[in-house]
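In the numbering used here, the protein residues as written are 74 to 571. Each residue gets a CB set at the ideal place from its N, CA and C atoms; glycine is no exception. Note that the structure is a prediction, hence the values are computed from the model and not measured. Scroll down for the structure; my scribbles are underneath it.
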């Protein structure tokens, strides 16, 4: 392929031996991958003749009868040939970075993009990765971290808590982490009923006061009011959660309830995937009392990630919490047990509720479950009784409780929003049966992530779980608003016009 170059640059690495020229002692090597890059560069510059000059010898080398002479060479033409020739050699990622291409996730057949994973509906951006996006970072391979002792995961504590623990001897222990990452433990002989404290977000941007109040199970059936704000799955992203509430008039800049006699419903999953779980818990704890005093309501329903944490499954819990319990020599669920203030509150949260003829649940309700004819109070009580118990033990001790927190129960069932056979999709008749059973016209669910607020089954099933930060940045749907009987999609600052 010497004809590919218009000049030569000789670099003599080895001295010639007797009877040998320098050119023979230093054999020039031409890298195939770089020849493709030359062809690609020519195509990008619009120099078709040069692109042919580089690409044609490669094509003819493989098959003398083939040629690209007379063709218009595009970047995609070169890339396709390059991918075929260099498959398995690790060039694809760098090609995507260089050209700004997406890397697509495909199913087992390799012919179509994957449509869903265990936790996500992959309707658009989830099917592909854009390596130039600033949030994409290549991980250090496990093999590398295992090989070099000096490579350590950098995990730091940040503002957390407080965890208020009531001891058998009637003393109260309070554990918190300050803004510098220091663990603080206090012991009180007697804690005042109106004890107050400050809560600070993990990044230090947000802080608000909380006062302890009486804990009781909220009403599961509330009257409809002028407005009901519905969201789900904040997953410990305090900044996205609180700015959404502020932008839609639910709270003010001081984190106080400003929604009057209206209603807020958060359909589960405060825990996991972020660094501000306790901050969101304490905010909703505070708002519950403020809303009640104003004649409104702030309800938080349990989700699957919430109960996972409470029976000590911390697979999706951020590393800062794992570091905290390592330093305290305890389990995460013990900091949230029934003998703690947050644990008392969590163990009295409902899993299902209605507001007027609107039904709310974290994941969905199967027709099979509806035919069990369990009342909403029964479901709420059984799930609460099932918290903090290992699933294998619960299966034996309380089969009904186990069913309700397992894959076919209301905290996991995806068949209302997904059509794949694995999820036991519900029929239109099944949706009708579920709604009739619970005297509802529509049901709001979270759990399964969609690109935007999504209306299904003739708008009788409304999915409100979205990518919080992504939708916030893209000015897309963040929540649903029921106003005067109509459901609207709301964004960062009010309704989004369709």
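Burial state of residue i, where buried means 16 or more other Cβ atoms lie within 10 Å
i           : result
residue 232 : buried
residue 272 : buried
residue 352 : buried
residue 175 : exposed
residue 350 : buried
residue 68  : The displayed coordinates of the chain run from 74 to 571. Any statement about residue 68 would go beyond what the structure contains.
residue 359 : buried
residue 310 : buried
residue 91  : exposed
residue 294 : exposed
residue 163 : exposed
residue 472 : exposed
residue 261 : exposed
residue 283 : buried
residue 154 : buried
residue 217 : exposed
residue 467 : buried
Residue i in three-state terms, based on DSSP
i           : result
residue 131 : helix
residue 568 : strand
residue 246 : strand
residue 461 : coil
residue 469 : helix
residue 323 : coil
residue 151 : helix
residue 442 : helix
residue 297 : coil
residue 474 : helix
residue 480 : coil
Own chain partners of residue i with C-beta closer than 7 angstroms, once the 5 adjacent residues on each side are dropped
i           : result
residue 228 : 392, 393, 396
residue 251 : 232, 257
residue 540 : 522
residue 443 : 506, 507, 510
residue 389 : 345, 346, 378
residue 564 : 548, 549, 550, 551
The ligand GTP heavy atom lying under 7 angstroms from the CB of residue i
i           : result
residue 396 : Within the structure as shown, the ligand GTP is missing, as the structure has no ligands at all.
Proximal residues to residue i (C-beta, below 6 angstroms), its chain only, five neighbours per side dropped
i           : result
residue 323 : 302, 332, 337
residue 514 : 430
residue 361 : 371
residue 562 : 526, 550, 569
residue 249 : 234, 235, 257
residue 192 : Reliability fails at residue 192, whose pLDDT of 47 lies under 50, so the model's placement of it is uncertain and no value is given.
residue 247 : 235, 237, 259
residue 556 : 300
Distance between beta carbons of residue j and residue i, contact taken as under 8 angstroms
i           : j           : result
residue 140 : residue 122 : The Cβ separation is near 14 angstroms, so there is no contact.
residue 538 : residue 306 : 5 angstroms
Cutoff 8 angstroms; reference residue i; Cβ partners in own chain excluding five residues on either side
i           : result
residue 419 : 354, 375, 379, 383, 409, 460
residue 148 : 113, 116, 117, 172
residue 463 : 384, 385
Interface flag, residue i vs chain B, CB-CB below 8 angstroms
i           : result
residue 491 : Absent here is chain B; the protein component of the structure consists of one chain.
Give the list of continuous beta strand (DSSP E) stretches no shorter than 3 residues that lie fully inside the stretch 487-518. 515-518
Alpha helix (DSSP H) runs wholly inside the stretch 100-129, at least 4 long, in chain order: 105-117
Taking only runs of the alpha helix (DSSP H) that begin and end inside the stretch 306-354, which ones reach a length of at least 4 residues, in chain order? 311-320
Contiguous alpha helix (DSSP H) assignments of at least 4 residues, all confined to the stretch 369-397: 377-383
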